[in-house]
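Before any comments, here is the structure.
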Amino acid sequence: MFEKLTYLDHAATTPVDSQVQQAMLEYFSEEYGNPSSVHRFGQRAESAVEESRQRIAAVLGCQANEIIFTSCGSESDNLALRGAASAARKQRGASHILVSAVEHAAVIETALDLRDEEQYQVELIPVDQTGAVNPETVRKMLRPDTAVVSVMYANNEIGTINPIAEIANVCNEQGVIFHTDAVQAASQLPVMVNELGVDLLSLGAHKFYGPKGIGALYRREGTPLQPISTGGSQEFGLRAGTQNVPYIVGMAEALEITDRERSQHNKHYQALRDQLLERVPSLIPGSQITGHHSKRLPNHASFAFEDVDGNALLAALDLAGFACSSGSACKTGDPEPSSVLLAIGLPPALALGSLRISVGRHTTQEEVDQFLAVLPDIVERMRSAERVAQ
Ligand SMILES: *Cc1c(COP(=O)(O)O)cnc(C)c1O
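In structure tokens:
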């Protein structure tokens, strides 16, 4: 049986662009050398890695030696937090860490692990009801012994965009290392590191039509950073292990395409997103937008519904042919309300009824129309089922 499935979950991952796939192919088969080898197989692989590093650096407006390849966005976040915290403690005895209350698990769980296992003091920076961090709040929370501050560029669950340049400025004034998780943002927002003023910035290729399992950390030259994995001297001694040459080539290709086509895709996304943001609350009583209404990712719409079990809603939507999310791919099957939604002040019962729709390059107007045509009935069915169950 053929059934059309509409993918509306581009915040979780994106398909690999066909040009990206093409660019990667020869590095699996013909050009399989180890970039650390002396012979010509090795030299050619090394050139591919170094050329990719330069292409990524060009998009970020930085030097090639400021790009460290990792295995994913999560690893970039780990290297940033663990590496900066450890260097700051070693250099100046600093062991206070600030991260926003709505960070991705890769940042927040890493900070809590540093607290529990390494005796760092961790404080969560509160956010407003849109999920944004106020730079003045960061200023007030900074201490002389603050080692590192981490605030995400755009939120994966609720789409809210943070004023990163202003927060970076506050940290720079105090000489504190500032990291931003740009894994979700990079598919749509400019990632020029000097305009953002950041010291460290995390990227993950699969959020911008590149392959899964490859990421990068931008590290401003001179920013103290301890390696978290040891072994060979790859990646300037900061990340041991033979580089994933095909995926690195794919990441560079994907980021270049994303950068070149950004405004064109954003226009497409935003037209569809705005229909979702306008029509869902008017079609469905007892629903609200979560996150900021306008300062949010162009492809991202998120909602909370009263008296709806978010996971049951996702299953019903899947049966109807629509792949959506409750917000965070990592929380599937977890009956606890999302900590992000609690941090923006949603009551726990409402936070359990969340829905995220994230459109992509191939999403059509017709698909959004079809989605909007079925959603109200499905929500109503969920609500009657809840009422019967009670
Ligand atoms: C997806 C995501 C990550 C994790 O990236 P992986 O490459 O899947 O490890 C981290 N932070 C944010 C904001 C994300 O959206």
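In our numbering, the protein residues as written are 13 to 402.
All residues carry an ideal CB built from backbone N, CA and C; glycine is no exception.
| Item | Value |
| --- | --- |
| Contact under 8 Å by Cβ, Gly249 with Ser241 | no |
| By C-beta, the residues closer than 5 Å to any heavy atom of ligand 2, given in chain order | This structure lacks ligand 2; its bound ligands are ligand 1. |
| Reference Gly303; option with closest CA among Ala70, Ala335 and Val139 | Val139 |
| Rounded distance between the beta-carbons of Leu384 and Leu295, thought under 8 Å | 7 Å |
| Continuous alpha helix (DSSP H) stretch holding Ala70: start and end | Arg52 to Leu72 |
| Continuous alpha helix (DSSP H) stretch holding Tyr281: start and end | Val257 to Leu295 |
| Which residues DSSP lists as bridging Tyr230, in chain order | Ile79 and Leu213 |
| Cβ-Cβ separation, Glu233 to Ser162 (assumed contact under 8 Å), whole Å | About 20 Å separates the two Cβ atoms, so there is no contact after all. |
| For Glu318, three-class secondary structure by DSSP | coil |
| As assigned by DSSP and simplified to three states, the class of Ala313 | strand |
| Distance between Leu136 and Glu148 (C-alpha atoms, nearest Å) | 14 Å |
| Asp193 - containing beta strand (DSSP E), residue span | Ile189 to Asp193 |
| Run of the beta strand (DSSP E) containing Thr158, from where it starts to where it stops | Thr158 to Ser162 |
| Distance CB(Gly157)-CB(Ala118) smaller than 8 Å | The amino acid at residue 157 is misidentified as Gly; the sequence shows Asp. No, these two residues do not count as a Cβ contact at 8 Å. |
| Inter-residue spacing [alpha-carbon to alpha-carbon] between Ala397 and Val28 | 38 Å |
| Rounded C-alpha distance that separates Cys342 from Asp381 | No answer about Cys342 holds up, because its pLDDT of 46 lies below 50 and its placement is not dependable. |
| Cutoff 7 Å; reference Phe334; Cβ partners in own chain excluding five residues on either side | Thr18, Leu20 and Phe383 |
| Reduced DSSP secondary structure (H/G/I, E/B, other) of Ile120 | helix |
| Top-ranked residue by Cα proximity to Gln238, from Arg56, Cys84, Cys74 and Leu212 | Leu212 |
| Counted within 10 angstroms of its Cβ, other Cβ atoms place Thr126 as buried (16 or more) or exposed | One detail in the question is off: residue 126 reads as Leu in this sequence, not Thr. Under this definition Leu126 is a buried residue. |
| Closest Cα partner of Ala69 within the set Leu329, Pro359, Asp271 and Leu124 | Asp271 |
| Rounded C-alpha distance that separates Gln31 from His305 | 34 Å |
| Buried versus exposed, by CB contacts within 10 Å (16 or more), Thr394 | Contrary to the premise, residue 394 reads as Met rather than Thr in this sequence. By the neighbour-count rule (16 or more Cβ atoms within 10 Å), Met394 is buried. |
| Selected residue, minimal CA-CA separation from Tyr259, among Glu207, Ala24, Gln33 and His22 | Gln33 |
| Residues that His108 bridges to, as DSSP identifies them | Gln133 and Thr158 |
| Cut-off 7 Å between Cβ atoms - residues of its own chain near His280, not counting five sequence neighbours on either side | none |
| Val400 (DSSP reduced to helix, strand or coil) | helix |
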